[in-house]
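*Asks:* Please read through the structure below; I'll follow up with questions.
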Amino acid sequence: MTERKPPGVSFETWADRQIREAEERGEFNELPGFGKPLPGLDRPYDDEWWVKEKMRREQLSYLPPALALRKEAEDALAAVERARSERQVREILAGINEKIAAALRRPPPGPPLQLTPFDIEQVVTDWRARRPD
Numbered sequence: 005m006t007e008r009k010p011p012g013v014s015f016e017t018w019a020d021r022q023i024r025e026a027e028e029r030g031e032f033n034e035l036p037g038f039g040k041p042l043p044g045l046d047r048p049y050d051d052e053w054w055v056k057e058k059m060r061r062e063q064l065s066y067l068p069p070a071l072a073l074r075k076e077a078e079d080a081l082a083a084v085e086r087a088r089s090e091r092q093v094r095e096i097l098a099g100i101n102e103k104i105a106a107a108l109r110r111p112p113p114g115p116p117l118q119l120t121p122f123d124i125e126q127v128v129t130d131w132r133a134r135r136p137d
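Count along the sequence shown starting at 1, add 4, and that's the number in my numbering.
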C-alpha cells in the first residue's frame, strides 16, 4: 500500500479497495494461518491477551520478586539433593543465602518474602545423612 489516499474519497472506501485488490492479486494467500480460525475466539476478552500470548510463545514467565526468590530457594534445595560434594552444597547455599539476606535488608515489592537464610551446617549434615556411602 504505497499509494496515497486520493482527496475526496472516504478512507474506508479507499482502504477497502486496497484490500480487495490485494486479495485479487493473491497477496494474502501465503500468509501463516491463512484459512484457519483465529485462536482464542471462544475465550472471554482480556485486555492483556497479547502480553500473555507473547509470554506463552516465548516461554517466559513473571513472578513478583518475592515469589521468584522463594522459587529460587526451592530450586537451590533441589540442587543440593543432586550435589556431588559438600563443597558444592556449601556454594549453592551460600549463593541463595546472599540473595535472601539482600531481600531481607531491602524487602522486594509484592507478597511477604517469608524466607530466612538456610542454616548451612544443618543442611550439610542432613545432606551427608542422606548420602549412600
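Yeah, the Cβ is synthetic: ideal placement off N, Cα and C, and Gly gets one too.
My assumption, with CB atoms under 8 angstroms, is that A87 sits in contact with I100. Please give the rounded CB distance.
*Replies:* Along the sequence shown, one-based indexing puts residue 87 at 83. Along the sequence shown, one-based indexing puts residue 100 at 96. With a Cβ gap of about 13 angstroms, A87 and I100 do not count as contacting.
*Asks:* What is the DSSP secondary structure of E62, reduced to helix, strand or coil?
*Replies:* Here the question's residue 62 lines up with position 58 in the sequence shown. In the structure shown, E62 sits in coil (DSSP, three-state: anything other than H, G, I, E or B).
*Asks:* What's the gap between the Cα of E57 and the Cα of E78?
*Replies:* Translated into positions along the sequence shown, residue 57 becomes position 53. Translated into positions along the sequence shown, residue 78 becomes position 74. One C-alpha to the other measures close to 27 angstroms.
*Asks:* Quick check on L67: buried or exposed, where buried means 16 or more other Cβ atoms within 10 Å of its Cβ?
*Replies:* Sequence index remark: in the sequence shown, residue 67 carries index 63 (1-based). Label assigned to L67: exposed.
*Asks:* Starting from L108, trace the alpha helix (DSSP H) in both directions and tell me its first and last residue.
*Replies:* In the sequence shown, residue 108 corresponds to position 104, counting from 1. Residues E90 to R109.
*Asks:* DSSP state of A87, grouped into three classes?
*Replies:* Against the sequence shown, residue 87 aligns to sequence position 83. Coil at A87, not helix or strand.
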